[in-house]
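J.: Take a look at this one; I'll ask things after.
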Amino acid sequence: GAVVSQHPSWVICKSGTSVKIECRSLDFQATTMFWYRQFPKQSLMLMATSNEGSKATYEQGVEKDKFLINHASLTLSTLTVTSAHPEDSSFYICSAPGRGAGAKNIQYFGAGTRLSVL
Amino acid sequence: SQQGEEDPQALSIQEGENATMNCSYKTSINNLQWYRQNSGRGLVHLILIRSNEREKHSGRLRVTLDTSKKSSSLLITASRAADTASYFCATDTGTASKLTFGTGTRLQVTL
Chain V
1099 GAVVSQHPSW
1109 VICKSGTSVK
1119 IECRSLDFQA
1129 TTMFWYRQFP
1139 KQSLMLMATS
1149 NEGSKATYEQ
1159 GVEKDKFLIN
1169 HASLTLSTLT
1179 VTSAHPEDSS
1189 FYICSAPGRG
1199 AGAKNIQYFG
1209 AGTRLSVL
Chain L
24 SQQGEEDPQA
34 LSIQEGENAT
44 MNCSYKTSIN
54 NLQWYRQNSG
64 RGLVHLILIR
74 SNEREKHSGR
84 LRVTLDTSKK
94 SSSLLITASR
104 AADTASYFCA
114 TDTGTASKLT
124 FGTGTRLQVT
134 L
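Chains as they are written, first to last, in the working numbering: chain V, 1099 to 1216; chain L, 24 to 134.
Given below as structure tokens:
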């Protein structure tokens, strides 16, 4: 099956700094990737859709300038949490839809990044 | 995006028993999927059922879909301790489109 790699898996940073999270599709190309946020014992909330070569599409209520998304290649999307504050502490997960017949509707997920802002 | 509801929120059973989780959603869908998440990890796809299908099987998993009631159920038979995880239903409205996740069911299988 398709593999999505997410890095780092865990990051601790000081308030006010920026943190970049990478999401890579390892054995397939992904023109679209999705970024989610998950609070403890809760479901995934879609933050934005990352589009290769064009601007990301953000969900209502998600600050574009706060969560910068760059999808510069067919295998890499990055999420940068700018000027992070403690309320940004969360679990961030990316995904990419599969390729080929029967797999396009299936999402392949990274292992997630736990962000702790002090 | 509006989330679907899942029940129960948490389920604790003994190994060998069956586990049933239910999902309700709000809008018309193309497909409904079930994903599994181990604690602190990403999600893994389990099974997909199309809107024109009513039941689907995969190994110990059985999924039903009732589009008239906008609901689905996931049955895990002969559960194992390794089935302990959170289970989420997710709906989509088209090919490679974004998913809308349910609230999730935390399953605990004890020996």
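Even glycine gets a Cβ: it sits at the ideal position worked out from N, Cα and C.
Does any residue of chain A bring its CB to less than 9 Å from the CB of Lys121 (chain L)?
T.: Reference to chain A is not applicable here, since the protein chains of this structure are V and L.
J.: What's the C-alpha gap between Ile99 (chain L) and Phe1207 (chain V)?
T.: Approximately 22 Å between the Cα atoms of the pair.
J.: Check each residue of the region 1120 to 1138 of chain V: if its Cβ is closer than 7 Å to any Cβ of chain L, include it; give the result in chain order.
T.: Within the region 1120 to 1138 of chain V, the qualifying residues are Thr1130 and Phe1132.
J.: Could you check if Leu134 (chain L) belongs to the surroundings of the ligand ATP, using beta carbon to heavy atom distance under 8 Å?
T.: Although the ligand ATP was asked about, the structure shown includes no ligands whatsoever.
J.: Could you spell out where the beta strand (DSSP E) holding Leu69 (chain L) opens and where it closes?
T.: Counting along the chain, the beta strand (DSSP E) containing Leu69 (chain L) begins and ends at Leu66 to Arg73.
J.: So that I know if they touch, is there some Cβ in chain L lying closer than 9 Å to that of Phe1189 (chain V)?
T.: At least one chain L Cβ lies under 9 Å of Phe1189 (chain V).
J.: Taking Cβ-Cβ distances shorter than 8 Å, what residues in chain L pair up with Ile1204 (chain V)?
T.: Simply Gln56, His68 and Leu71.
J.: Find the residues of chain L that neighbour Ala1209 (chain V), judging by a C-beta separation of less than 8 Å, and give them in chain order.
T.: Result: Arg64 and Gly65.
J.: Considering only C-alpha positions, which residue in the set V:Cys1121, V:Lys1118, V:Phe1137 and V:Thr1180 is nearest to Lys1162 (chain V)?
T.: Comparing Cα-Cα distances from Lys1162 (chain V) to each of V:Cys1121, V:Lys1118, V:Phe1137 and V:Thr1180, the minimum goes to V:Thr1180.
J.: Please list the terminal residues of the continuous beta strand (DSSP E) segment that includes Ala1182 (chain V).
T.: Careful: Ala1182 (chain V) lies outside any beta strand (DSSP E) and carries neither H nor E.
J.: Hey, is the region 1186 to 1203 of chain V in contact with the region 83 to 90 of chain L, meaning 3+ C-beta pairs nearer than 8 Å?
T.: The region 1186 to 1203 of chain V is not in contact with the region 83 to 90 of chain L.
J.: Less than 9 Å between the beta carbons of Trp1108 (chain V) and Ser1214 (chain V), yes or no?
T.: Cβ distance < 9 Å, so Trp1108 (chain V) and Ser1214 (chain V) count as in contact.
J.: Which residue comes first and which comes last in the beta strand (DSSP E) that contains Gln56 (chain L)?
T.: Run containing Gln56 (chain L): Asn54 to Gln60, per the beta strand (DSSP E) assignment.
J.: Quick one: Cα of Val1117 (chain V) to Cα of Ser1141 (chain V), how far?
T.: The alpha-carbon atoms of Val1117 (chain V) and Ser1141 (chain V) are separated by roughly 23 Å.
J.: Does DSSP put Asp1163 (chain V) in a helix, a strand or coil?
T.: Three-state result, Asp1163 (chain V): coil.
J.: Check whether the Cβ atoms of Arg14 (chain L) and Val132 (chain L) sit closer than 9 Å, and answer yes or no.
T.: A query on residue 14 (chain L) cannot be resolved here, the shown segment of chain L reaching from 24 to 134 and no further.
J.: Bridge partners for Leu1144 (chain V) per DSSP, in chain order?
T.: For Leu1144 (chain V), which the question treats as bridged, DSSP gives the partners V:Tyr1134.
J.: Using 9 Å as the threshold, is the C-beta distance between Glu40 (chain L) and Tyr110 (chain L) below it?
T.: Cβ atoms of Glu40 (chain L) and Tyr110 (chain L): not closer than 9 Å.
J.: What's the C-alpha gap between Ser35 (chain L) and Leu1172 (chain V)?
T.: Straight-line Cα distance between these residues: approximately 42 Å.
J.: Going along chain L in order, which residues have a C-beta closer than 7 Å to the C-beta of Thr1147 (chain V)?
T.: Result: Lys121.
J.: With 16 other CB atoms within 10 Å as the buried threshold, where does Asp1125 (chain V) fall?
T.: Exposed, by the Cβ-count rule.
J.: Using the Cα positions of Thr43 (chain L) and Leu97 (chain L), report the straight-line distance between them to the nearest angstrom.
T.: When rounded, the distance between both Cα atoms is 6 Å.
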